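Report on the following structure.
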Amino acid sequence: MKKQQDTTNETKNSFIVSFCKLYMKKPIEKISIRELTDTAGYNRTTFYNYFSDIYDVLDYIENSSIRYVKKNIIIDMKKENPSKQFINTFLNIYENWESYIKVLLSNQNSAHFTDRLKKELFSSCMDAFNLPKNNIRAEYILDFYLSAIISVISRWIKNQSEMSSLEMANLLEDMLKNNIFTKIDNYTKKEKTLSK
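With the numbering used here applied, the sequence shown covers 3 to 198.
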């Protein structure tokens, strides 16, 4: 049973890896199922056992990436020194999901993914920081920082020769430590004082 599951995962992963290679070279509209199955080394019937169409592969990659990023970022926000934890998480995500992140953030259609990622992280951050849902100022602050972080990472993905992943992680930590976490912490303290 385990061997069959491993084969299933291996086959599905082969389609995903092949899709990423093709998607880095051309827009999704130009990728045919035949081209994908030829690249992966499987037939169309096998492809349809896993995905309904080419867009389904992209959705799968986006959904998996968002779940992974969200889960790990939120876990770190709840720990002491969240900006330091963010560094470890960023490096871990980058090392383990590099090919997917590159595809999702450096492609000409990356705006769709970054919007989805920001929306998911926004709501999770609001919950993690216990910020009230109707607090417009807190929402703007969080929106600003999430947009900035995603934009900086996207730029770096496209220009990795400019700095190493560790240098990028340290830059992000500095941005977070000296800005977002301080601002949100100060804002939360101010709100608690005003509500008394």
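Just so you know, even glycine gets a beta-carbon here, dropped at the ideal spot from N, CA and C.
Treat the numbers as computed from the prediction; the structure is a model and nothing was measured.
Backbone CA spacing between residue i and residue j [nearest angstrom]
{"i": "Ala150", "j": "Phe92", "result": "15 Å"}
{"i": "Lys28", "j": "Asn74", "result": "31 Å"}
{"i": "Phe53", "j": "Ser156", "result": "27 Å"}
{"i": "Arg36", "j": "Trp99", "result": "26 Å"}
{"i": "Val71", "j": "Ile95", "result": "7 Å"}
{"i": "Thr190", "j": "Cys127", "result": "13 Å"}
{"i": "Val1", "j": "Ile30", "result": "Any answer about residue 1 is impossible in this case: the structure gives the chain only from 3 up to 198."}
{"i": "Ser101", "j": "Ile143", "result": "31 Å"}
{"i": "His114", "j": "Thr195", "result": "39 Å"}
{"i": "Glu169", "j": "Ser108", "result": "19 Å"}
{"i": "Gln110", "j": "Asp117", "result": "14 Å"}
{"i": "Ser112", "j": "Cys22", "result": "13 Å"}
{"i": "Gly43", "j": "Asn180", "result": "49 Å"}
When the options are compared against residue i, the one with the closest alpha-carbon
{"i": "Asn45", "options": "Ser16, Ile30, Ile63 and Glu31", "result": "Ser16"}
{"i": "Asp55", "options": "Gly43, Glu64, Asn109 and Ser34", "result": "Ser34"}
{"i": "Leu178", "options": "Gln162, Phe146 and Gly43", "result": "Phe146"}
{"i": "Tyr62", "options": "Thr48, Tyr50 and Ile18", "result": "Ile18"}
{"i": "Glu12", "options": "Val154, Gln162 and Thr48", "result": "Thr48"}
{"i": "Val154", "options": "Lys32, Asn172 and Tyr50", "result": "Asn172"}
{"i": "Thr10", "options": "Lys32, Glu97 and Tyr50", "result": "Tyr50"}
beta-carbon residue i near the ligand FMN non-hydrogen atom, thresh 7 Å
{"i": "Leu93", "result": "Looking for the ligand FMN in the displayed structure turns up nothing, as the structure carries no ligands at all."}
Under 8 Å between C-beta atoms of residue i and residue j
{"i": "Ser20", "j": "Thr41", "result": "yes"}
{"i": "Leu119", "j": "Ile76", "result": "no"}
{"i": "Ile89", "j": "Glu175", "result": "yes"}
{"i": "Ile68", "j": "Glu122", "result": "yes"}
{"i": "Ala140", "j": "Leu148", "result": "no"}
{"i": "Leu60", "j": "Leu38", "result": "no"}
In chain order, which beta strand (DSSP E) runs of at least 3 residues are fully inside the stretch 108-138? None, since the stretch 108-138 contains no complete beta strand (DSSP E) of that length.
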